[in-house]
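Input: a single structure, listed below in structure tokens.
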Amino acid sequence: MVSAGDFRNGITLEIDGNVVQVIEFQHVKPGKGAAFVRTKLKNVINGGVVEKTFRPTEKFPQARIERVDMQYLYNDGDLFYFMNTETYDQIAVNQDTIGDSLKFVKENEMVKVCSYQGNVFAIEPPLFVELAIAETEPGFAGNTAQGATKPATVETGAQVSVPLFVNQGDVIKIDTRTGEYLSRV
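Heads up: the sequence shown runs through residues 3 to 187, numbered per my numbering.
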């Protein structure tokens, strides 16, 4: 059990049947009345953010989130299959749980599968991936004064904005959190 007076950024708790992560917290001691803890909580399962206040003596159970490295194997319709490379156990996760998290991930790449009490709720792709450009308009270096971009489709089918000098077949590095082009490889 964790008391509200001991909250720290990043800690995961179970509050009112929801698994939440503390994003921000602030101990407030008003001139009149009792002290309280103002928090900003993110629901780990659905991503919603709420602000709540607690008395410093309130206690909540700590939630154990499991993050396991798994290999993305393939998808079959709206089921995506992952394998634990240590135990060779395979799991299937549905499209609703995955969302857009695999749009930059190729088959056979490693991802983190996040689960709470055995139920998978999210897939975390690697922070950076290297993908080949499958389709883009030809561009010419030096035809703009500022950093102009053009749309490109990478080998996983996702759309990325790339500089004009990037051509079809080039391998680029992408930040999966923002979907931004970082560099040519």
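Think of the CB as a built atom: it goes at the ideal place given N, C-alpha and C, for glycine as much as any other residue. Nothing here was measured: the structure is a model prediction, and the numbers come from that model.
Residues of its chain near residue i, where Cβ-Cβ distance is below 7 Å and the 5 sequence neighbours each way are ignored
i, result
"residue 37", "29, 30, 31 and 58"
"residue 127", "103, 104, 106, 107, 113 and 178"
"residue 90", "none"
"residue 150", "166"
"residue 97", "80"
"residue 109", "74, 75 and 76"
Cα-Cα separation, residue i to residue j
i, j, result
"residue 101", "residue 45", "16 Å"
"residue 12", "residue 50", "15 Å"
"residue 64", "residue 117", "15 Å"
"residue 132", "residue 77", "20 Å"
"residue 111", "residue 140", "29 Å"
"residue 6", "residue 71", "32 Å"
"residue 17", "residue 123", "17 Å"
"residue 41", "residue 60", "13 Å"
"residue 99", "residue 69", "15 Å"
"residue 182", "residue 95", "26 Å"
"residue 48", "residue 84", "21 Å"
"residue 3", "residue 86", "31 Å"
"residue 158", "residue 119", "31 Å"
"residue 168", "residue 121", "41 Å"
"residue 67", "residue 164", "36 Å"
"residue 43", "residue 180", "22 Å"
For residue i, three-class secondary structure by DSSP
i, result
"residue 99", "helix"
"residue 91", "coil"
"residue 71", "strand"
"residue 37", "coil"
"residue 150", "coil"
"residue 18", "coil"
"residue 6", "helix"
"residue 66", "coil"
"residue 138", "strand"
"residue 59", "coil"
Same chain, Cβ closer than 6 Å to residue i, neighbours up to 5 away in sequence not counted
i, result
"residue 138", "154 and 170"
"residue 55", "38 and 40"
"residue 20", "45"
Residue i classed as buried or exposed, judged by whether at least 16 other C-beta atoms fall within 10 angstroms
i, result
"residue 104", "buried"
"residue 74", "buried"
"residue 81", "exposed"
"residue 187", "exposed"
"residue 125", "buried"
"residue 39", "buried"
"residue 52", "exposed"
Close-in-space but distant-in-sequence residues of the same chain around residue i (CB under 8 Å, 5 per side omitted)
i, result
"residue 130", "175, 176, 177, 178 and 184"
"residue 156", "106, 133, 134, 135, 136, 162, 174 and 176"
"residue 10", "24 and 27"
The ligand ZN heavy atom lying under 7 Å from the CB of residue i
i, result
"residue 3", "In terms of ligand content, the structure shown is empty, and the ligand ZN therefore cannot be addressed."
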